[in-house]
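Take the sequence shown: its position 136, counting from 1, is numbered 121 in the numbering used here, and each next residue is one higher. Backbone N, C-alpha and C fix where the C-beta goes; we use that ideal spot for every residue, glycine too.
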Amino acid sequence: MSQRHAESVRRGRLPQAMLVVALVAALGSTSTALGAAGVDVGARMLTGDVAALSPAEAAERLATTPAVPFVLRGARTSGPVFWLDVRPPPGAEQIADPALLIEKGRHLAVDLYLLRDGEPRAIELATSLPRYFGMHTAVFALPDTLTPDTRLLARVTASGRGAEQLDPQVASLAVTLTQGAAHARTITLAVGALGAMALGALVIWFVLKDRLFILYAVLFALQAV
């Protein structure tokens, strides 16, 4: 019986490993495609005692203080709240339906404002696209075509712990939503496949009573989660 168990394990490892590799490759390719839709933008940061500042006050202080390039580690060590001054990259005016994408950890909340004639206007979050490792992409639909004079202010509030990443990009809203839907479908299929493999390993354990299949079931269940 033990020899049959060992043989069944050896036969089962290869297709299971190949399926896992295929799922990871599919997820990775979809994630890369989504990230490739945007153009990275530069940002300046305003840190320190800035939690009580209004958007107009933050914009005024950014205009009168030396520019400090945005570095997330430096911003996070200064306190739970910081501001970003985001400027469109060259060529962004060619995007007919611009959107600001912010790939970030879920513990980082972002409030976005568009400065027009010195007056801040709040931009509502359009949608949030799931990513990996506790991350997601916040999508803000911008009301107008971007110009070199466009200024966007982002108030970032950190609460708790999560993936320490915050990358702003400018992209087409339609392209982003299309790729986001494909990304979500891929995640759904991958989670379903891993769940089925976990259930299959558990059923095999009921028949063969080999503890290794319990480990397989737990492994695939954790990957699905």
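Could you tell me the distance, in whole angstroms, from the CA atom of residue i to the CA atom of residue j?
{"i": "E149", "j": "Y117", "result": "13 Å"}
{"i": "Q79", "j": "L38", "result": "33 Å"}
{"i": "K89", "j": "L114", "result": "11 Å"}
{"i": "A(-9)", "j": "V203", "result": "Because the pLDDT at A(-9) is just 47, under 50, the model does not fix this residue reliably, and the value given afterwards should be weighed accordingly. Cα to Cα, the separation comes out at about 19 Å."}
{"i": "A43", "j": "I172", "result": "39 Å"}
{"i": "R196", "j": "W190", "result": "7 Å"}
{"i": "F105", "j": "T142", "result": "The sequence as given places Pro at residue 105; Phe does not occur at that position. Their backbone Cα atoms lie some 18 Å apart in a straight line."}
{"i": "A77", "j": "P83", "result": "8 Å"}
{"i": "M182", "j": "A94", "result": "36 Å"}
{"i": "P65", "j": "G145", "result": "10 Å"}
{"i": "R136", "j": "G147", "result": "28 Å"}
{"i": "L212", "j": "H168", "result": "In the structure as shown, the chain starts at -14 and stops at 210, and residue 212 therefore has no counterpart that could be examined."}
{"i": "L158", "j": "V24", "result": "13 Å"}
{"i": "G180", "j": "G119", "result": "19 Å"}
{"i": "R140", "j": "L31", "result": "10 Å"}
{"i": "A107", "j": "L184", "result": "47 Å"}
{"i": "D96", "j": "L138", "result": "8 Å"}
{"i": "V160", "j": "D102", "result": "30 Å"}
{"i": "F198", "j": "T132", "result": "59 Å"}
{"i": "L57", "j": "P51", "result": "18 Å"}
{"i": "Q208", "j": "A166", "result": "21 Å"}
{"i": "E109", "j": "K194", "result": "54 Å"}
{"i": "D134", "j": "R170", "result": "38 Å"}
{"i": "E45", "j": "L69", "result": "13 Å"}
{"i": "F211", "j": "V192", "result": "This structure does not reach residue 211, given that the chain is present from -14 up to 210, and the question cannot be answered."}
{"i": "V218", "j": "A178", "result": "The requested residue 218 is not part of the displayed model; the chain covers only -14 to 210."}
{"i": "A11", "j": "V176", "result": "Annotation note: pLDDT 47 at A11 (below 50); position unreliable, coordinate value reported separately. Cα to Cα, A11 sits roughly 12 Å from V176."}
{"i": "A126", "j": "T49", "result": "29 Å"}
Using CA atoms only, rank isn't needed, just tell me which of the options is closest to residue i.
{"i": "L47", "options": "F67, R58, A107", "result": "F67"}
{"i": "A28", "options": "A81, A169, L151, T112", "result": "L151"}
{"i": "I87", "options": "R136, V26, A52, V56", "result": "V26"}
{"i": "P128", "options": "G33, L99, E104", "result": "L99"}
{"i": "Y201", "options": "F191, L85, L187", "result": "L187"}
{"i": "V124", "options": "F205, G90, A156", "result": "A156"}
{"i": "D34", "options": "P83, A60, T49, A52", "result": "A60"}
{"i": "T163", "options": "V176, F55, L174, T112", "result": "T112"}
{"i": "A36", "options": "S63, I199, A81", "result": "S63"}
Which residue marks the beginning of the alpha helix (DSSP H) containing residue i, and which one marks its end?
{"i": "R61", "result": "57 to 62"}
{"i": "P40", "result": "40 to 49"}
Hey, could you find the ends of the beta strand (DSSP E) residue i is sitting in?
{"i": "R101", "result": "93 to 101"}
{"i": "L31", "result": "28 to 31"}
{"i": "K89", "result": "83 to 90"}
{"i": "E104", "result": "104 to 108"}
{"i": "F67", "result": "66 to 71"}
{"i": "L122", "result": "In the sequence as presented, Leu is not what sits at residue 122; that position holds Thr. Counting along the chain, the beta strand (DSSP E) containing T122 begins and ends at 120 to 126."}
Would you mind giving the Cβ-Cβ distance between residue i and residue j, rounded to the nearest angstrom? I have them listed as a contact below 8 Å.
{"i": "P40", "j": "L85", "result": "No, P40 and L85 are not in contact; Cβ-Cβ is about 15 Å, not under 8 Å."}
{"i": "A206", "j": "T130", "result": "Going by Cβ atoms, the distance from A206 to T130 rounds to 47 Å, so no, they are not a contact pair."}
{"i": "H121", "j": "R91", "result": "6 Å"}
*Continuous beta strand (DSSP E) assignments of at least 3 residues falling wholly in the region 136 to 192*: 136 to 143, 151 to 157
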